[in-house]
Every structure is written in C-alpha cells, then in structure tokens.
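Peer 1: Taking the working numbering, the leading residue of the sequence shown gets 2, the next gets one more, and so forth. The beta-carbon is built from N, C-alpha and C at its ideal position, and this holds for glycine as well. From a predicted model like this one, the values you see are computed outputs, not experimental measurements. My questions will all concern the structure given below.
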Amino acid sequence: MAPAFPLVGNLAVQARLAQAADEDRLHHAYLFEGPDGVGKATFALWLARYVNCEGTRRPCGECRSCRLMLTGGHPDLVVIGPDPEKVTRVISVDQAHQLINAVQLQRHSAKRRFVILDPADALNEDAANSLLKTLEEPPRGTQFILVTARVASLLQTIRSRTQRVRFGPVPEAELTAFLGARGVSPEMARMAGGSLGQAMKLAEGEAEARTTLRDAILDATGQPLVKLFALTEAEGKREEGVNRAELVVDVLEELLRDAACVANDRDDRLLHPAKRAQLALWARALWPGGHARMALALASARDRLRLNVNGRTVLESLFAQLNLELSATR
Ligand SMILES: [Zn+2]
C-alpha cells in the first residue's frame, strides 16, 4: 500500500477527475503518468475514496467505505504491485490471471470497484497481454488505474486501451510550504525536484544523510582513489545496501549538476552554494566532456541498481570513473 501522502500539487488534475466522477463519466481505465514521487498513487487512492464515500463531504474519511479504504481492508479496492514471489520487480502473469478472475466476481459493497496497478511498467509482456481484453472492457462497475513513471516501458497495446492523465512536478512553492510546516529548510524544496515523495524523505531525515555523504565525497575528491573506495565499503555495509547506493547516485548527480552550474556561471541555481569552491574544481576538471561521460555513467548505475546488481559493485565502478575524470584536479 502506498504511503498516505497528503495531496499536494496537481490540483487541476484532481478537479478534473472529481468532475468526471460527479458526472459519472470516468473512463474505465486511466493511465496516471508522471515523474516518481509526485503523488500519482495517492491520487488514485483518493479517487477510489471519493467515488465510494458514503458521507456528504467526499471523501469524508469517516464513513465505513473511507475507513476500510484507508486501512487497506476494502474488498473492492485492489492494489497490485510486483509479485512478492519473484526475485525481479515484476507483475506476473499469475497475478494477472488472479485479477481477471477476481473482477468477474460480484462487487462486495462499493459503488465502483477500483483496481490500481502500481507500477504498471512492472507488468511483464505475458501479464500485459492477458490483461488487454479486461482493460478494454472491464466488468461493469470496475475501474482500472495504471500508475507509471516510465510510460515508454508500457506496451503500446496497453497504452492505447487507457486514457492518459499526466501529472507534473509539484510546484516548488507548495513543496516549500509543505516542508516548512514540518520544520525543514526551504532550500530542501529545490532538492526535492518537484517530487513530494522526495520531499517526504528529506523531511524524514534523509537530508542529513545526504549532507554527510556529500561532504565525504567532496572531501575525497583529489585524494587517492582508496579514499573513495573506503566510502563505497561503508555504504555497501549498510543493511539496505541498494537504497544507500541509490542515495550515493542521487548525491553524485546533484554535485554534477552543481558543477555544471558553476561552469555556466549560474551560481544562482546551485543546490550546494556553500560548497562552491570544491565544485569549481569539479567544474574545471569535468566540463564539458567528463561531465557528459559521468552523466552516462550515473544513468547506467541507476539501471544496474534497478536490475539488482550489487550496490557496492556499482559504486566502485562509478567512483573509479569519477576518480579518472577528476584526476585533473590533483
Ligand atoms: Zn467517506
């Protein structure tokens, strides 16, 4: 179940969906697409509550339907994520078949049954193909919402059977207000890059971990490679190895972005203005060829982490390249 994020940003999308629901002309299969962490799944769950609420101010959060949906116990709210039985992150054909059978059954109590596939890009080809007919013509009263940040990974046949709803980044001003209300510095809103999910993580203390990492990486710059590798070892040892590795990739991406700002005289856009002096060394060594090569290396590191390659292995090759690119600073 997606975390219960508050609804922030994308208010126009929300209003359009509410209006369609009020006029009883919801499309039977939506594709909610947009960047990670902007609240697509949250809006899908909200719509399920909105449509089925028995109160007057919908969704009231207090009626039987709202309460069951909020606790994840509503029999007519089906949220399908990657198959826990599989090693890779995939919605399997077994899950698809179970779903097809389940939606043939009578609804329990809901006005409209909601099936949320999140992330829909985890559907493997067999699962996607077996769902085509159901997506095209779901049983009466069944509503599909497919959620994805990687719309290009979906089969065209799936895309063509759904109505696309585009979610944009959450405006910085709204994130600032959101973070401010939780005692987090407004400068973090810029780092959240329009993602509420990211802002929540920052608000929950990730900011501190990032700062520590950033300083460690910058301090190791220009030092023998072994220093960077010591960092890799520390990050690899953590319990959630892969998540930590992703954090390192995030921080490297920010530093690279900042180095580009320095190289282009755009100090006003720096995420880490306090580190300008060290970033200038990066800019001098990297811009522009090394910068492009590092950007590619980061993208490939992300792909490898997504494919469950060992976090430490990924970081080691990343740091080896960074070291090579930065050798001009020594
Ligand atoms: Zn309600």
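Check for me: the beta strand (DSSP E) holding V80 runs from which residue to which?
Peer 2: V80 -> beta strand (DSSP E) spans 78-81.
Peer 1: Exposed or buried, which one is E63 when buried takes at least 16 other CB atoms within 10 Å?
Peer 2: Exposed is the call here.
Peer 1: Hey, could you find the ends of the alpha helix (DSSP H) V94 is sitting in?
Peer 2: Taken as a continuous stretch (DSSP letters only), the alpha helix (DSSP H) holding V94 covers 94-105.
Peer 1: Is DSSP giving F168 helix, strand or coil here?
Peer 2: Three-state DSSP puts F168 in coil, outside helix and strand.
Peer 1: Below 8 Å on the Cβ atoms is my contact criterion, and I expect F44 with Q15 to pass it. Report the Cβ-Cβ distance as a whole number of Å.
Peer 2: Right, the Cβ-Cβ distance comes to about 6 Å (below 8 Å), so this counts as a contact.
Peer 1: Does at least one heavy atom of ligand 1 sit under 7 Å from the Cβ of H110?
Peer 2: The residue asked about is misnamed: residue 110 is Ser in this sequence, not His. Outside the cutoff, so no.
Peer 1: Under 8 Å, with one C-beta from each stretch per pair, do the segment 45-54 and the segment 109-121 reach the 3-pair mark?
Peer 2: Touching, yes.
Peer 1: Considering only heavy atoms of ligand 1, does any lie closer than 7 Å to the CB of G62?
Peer 2: The answer is yes for G62.
Peer 1: Compute the Euclidean distance between the alpha carbons of D84 and P172, then round it to the nearest angstrom.
Peer 2: For D84 and P172, the distance between alpha carbons rounds to 34 Å.
Peer 1: Which same chain residues end up closer than 6 Å to G242 when comparing Cβ atoms and leaving out the 5 residues on each side of it in sequence?
Peer 2: Caution applies to G242, whose pLDDT of 46 falls short of 50 and renders its modelled position unreliable; the model cannot decide the point.
Peer 1: List the whole-angstrom C-beta distance separating L272 from M192, where the pair is believed to meet the contact cut-off of C-beta under 8 Å.
Peer 2: With 8 Å as the limit, L272 and M192 qualify as a contact, their Cβ atoms being about 6 Å apart.
Peer 1: Terminal residues of the continuous beta strand (DSSP E) containing L147?
Peer 2: Run containing L147: 143-149, per the beta strand (DSSP E) assignment.
Peer 1: Mind checking whether A123 and V166 have CB atoms under 8 Å apart?
Peer 2: Cβ distance not < 8 Å, so A123 and V166 don't count as in contact.
Peer 1: Looking at the secondary structure, which residues open and close the beta strand (DSSP E) in which V116 lies?
Peer 2: Per DSSP, V116 belongs to the beta strand (DSSP E) from 114-118.
Peer 1: May I ask you to list the residues that DSSP assigns as paired with L32?
Peer 2: Answer by DSSP bridge pairing, in chain order: L147, R165.
Peer 1: Closer than 8 Å, CB to CB, is A296 near chain B or not?
Peer 2: Here there is only one protein chain, and chain B is not present.
Peer 1: With DSSP as the reference, identify every bridge partner of L124, one or two as the case may be.
Peer 2: According to DSSP, which records beta bridges pairwise, L124 is partnered with I92.
Peer 1: With a threshold of 16 other CB atoms inside 10 Å of the CB of R162, please say whether the residue is buried or exposed.
Peer 2: Per the 10 Å Cβ criterion, buried.
Peer 1: Could you give the DSSP three-state label for H273: helix, strand or coil?
Peer 2: Residue state, collapsed to three classes: coil.
Peer 1: Straight-line CA distance for P120 to A150?
Peer 2: Each residue's Cα considered, the two are about 8 Å apart.
Peer 1: Nearest CA to the CA of P36: which residue from V148, A103, Q157, D25?
Peer 2: Answer by Cα proximity: V148.
Peer 1: Give the single residue among R307, T158, C54 whose Cα lies nearest to the Cα of S131.
Peer 2: Taking only the C-alpha atoms, the option nearest S131 is T158.
Peer 1: Please name the residue, chosen from Q224, V185, A97, that lies closest to D127 on a Cα-to-Cα basis.
Peer 2: Residue A97 is the option with its Cα nearest to D127.
Peer 1: If we ignore side chains and look at the alpha-carbon of each, how far apart do A261 and V88 end up?
Peer 2: Answer to the nearest angstrom: the Cα atoms are 38 Å apart.
Peer 1: Is any non-hydrogen atom of ligand 1 found closer than 7 Å to the C-beta of G56, if you look at the structure I gave you?
Peer 2: True, at least one ligand heavy atom lies under 7 Å from that Cβ.
Peer 1: Determine the closest residue to V263 out of L253, D251, K276, with distance taken between C-alpha atoms.
Peer 2: Taking only the C-alpha atoms, the option nearest V263 is K276.
Peer 1: Roughly how many whole angstroms lie between the Cα atoms of A221 and L316?
Peer 2: Distance between the alpha carbons of A221 and L316 is about 14 Å.
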